[in-house]
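Undergrad:
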Amino acid sequence: MSSTFDQIANIIAETCDIPRDTIKPESHAIDDLGIDSLDFLDIAFAIDKAFGIKMPLEKWTQEVNDGKATTEQYFVLQNLADRIDELVAAKNAATGA
0 MSSTFDQIAN
10 IIAETCDIPR
20 DTIKPESHAI
30 DDLGIDSLDF
40 LDIAFAIDKA
50 FGIKMPLEKW
60 TQEVNDGKAT
70 TEQYFVLQNL
80 ADRIDELVAA
90 KNAATGA
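So the sequence shown is numbered by numbering that gives the first Met the number 0: it starts at 0 and just counts up by one.
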């Protein structure tokens, strides 16, 4: 299990008062955990802060709305962790870290 997933799960548990042991990599933030859009914005802000990135939520939402992506690509937690790892890697490459 990735440390990125663990950090996300801890953020979700704290932000939404969801027991940490019920948050799994295959959990869908909305369908399985019942996280609403306002809570997800709080989670996204906390993730941005924790990882030093800016999640492109508007772009992701547009891709889902346009049928170019599924909600599973962004809201299943392991997939979300993978997207965050990609954002962190891109940021690090851009800054030469």
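Glycine included, C-beta positions come from ideal geometry on N, C-alpha and C.
Please read all numbers here as calculations on a predicted model, not as lab measurements.
Assess contact between the stretch 58 to 69 and the stretch 23 to 40, defined as three or more Cβ pairs (one per stretch) separated by less than 8 Å. Is contact present?
TA: No, they do not touch.
Undergrad: Tell whether a beta-carbon distance below 7 Å holds between residue 52 and residue 75.
TA: For residue 52 and residue 75, no; Cβs fall outside 7 Å.
Undergrad: Determine the extent of the alpha helix (DSSP H) in which residue 58 is found, giving its start and end residues.
TA: Where residue 58 is concerned, the enclosing alpha helix (DSSP H) stretches over 56 to 64.
Undergrad: Considering only the alpha carbon of each residue, which of 78, 2, 95, 7 lies closest to residue 47?
TA: Of the candidates 78, 2, 95, 7, the one whose C-alpha sits nearest the C-alpha of residue 47 is 7.
Undergrad: Compute the Euclidean distance between the alpha carbons of residue 10 and residue 80, then round it to the nearest angstrom.
TA: In a straight line, the C-alpha of residue 10 is about 12 Å away from that of residue 80.
Undergrad: Mind checking whether the beta-carbon of residue 80 lies closer than 6 Å to any heavy atom of the ligand SAH?
TA: This structure lacks the ligand SAH; in fact it carries no ligand of any kind.
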